[in-house]
Amino acid sequence: MVDKQPTIDDVLRQFHDWLSKEGLLNSRAAFVTCGDWDLGVMLPSEAENKGLVVPEYFKKWINIKKSYCEHSGTFAKGLKDLLNIYKLEHSGRLHSGIDDVKTICTITSAIGKEGYIYRINGSTSDENIRRRVFKNVTVQ
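Numbering (the UniProt record's numbering), first residue to last: 1 to 140.
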């Protein structure tokens, strides 16, 4: 925990309140990620460790890497690959939350301009997500 900062429980509650205020709770809005790790593995694991319930809106998402693959027929390893493919400049630091969000927005827009229609392609109900992510990890 970071000193004098809100807990994950507080942040999730504040975020839920913001989504509600903005009218996004019952909308067709979806989170866009670069991979399944954050919403498919880390958030559920952290919530389980802390005895928290993951809200339904975090259980389905759009994985921009899968979307790109569906759109182009080729695989991109991550944000750097996608930036190179679209000849886009990276600004900020890689793996910095806000900078990655801006980069994902730019890439999402670029793919959308090519006519791709986004759909949900990641879900916590996909049993293969944890298996794929942890396939090379040995637990002792």
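Quick reminder that beta carbons are idealized off the backbone N, C-alpha and C, glycines included.
Asked                                                                                                                     : Found
Chain B within 8 angstroms of residue 86, Cβ atoms only                                                                   : Here there is only one protein chain, and chain B is not present.
Uninterrupted beta strand (DSSP E) stretches inside the UniProt domain "Exonuclease" (1-107) (no shorter than 3 residues) : 31-33, 60-63
Top-ranked residue by Cα proximity to residue 65, from 2, 124, 120                                                        : 120
Residues that residue 109 bridges to, as DSSP identifies them                                                             : Answer is none; residue 109 lacks a bridge partner.
Residue 122 beta carbon less than 8 angstroms from that of residue 60                                                     : yes
Minimum C-alpha distance to residue 106 - residue among 33, 72, 4                                                         : 33
CA-to-CA distance, residue 99 to residue 92, given in whole angstroms                                                     : 5 angstroms
Supposed contact pair residue 55 and residue 16 - C-beta distance, whole angstroms, cut 8 angstroms                       : 6 angstroms
Residue 138 - DSSP class collapsed to helix/strand/coil                                                                   : With a pLDDT of only 44 at residue 138, under the threshold of 50, the placement of this residue in the model should not be trusted, and no figure is reported.
Residue burial classification, residue 9 (beta-carbon count within 10 angstroms, cutoff 16)                               : exposed
Of the listed residues 35, 13, 57, nearest to residue 28 (C-alpha basis)                                                  : 57
Rounded straight-line distance, which links the Cα of residue 48 to that of residue 77                                    : 29 angstroms
Whole-angstrom C-beta distance between residue 83 and residue 90, which should lie under 8 angstroms                      : 5 angstroms
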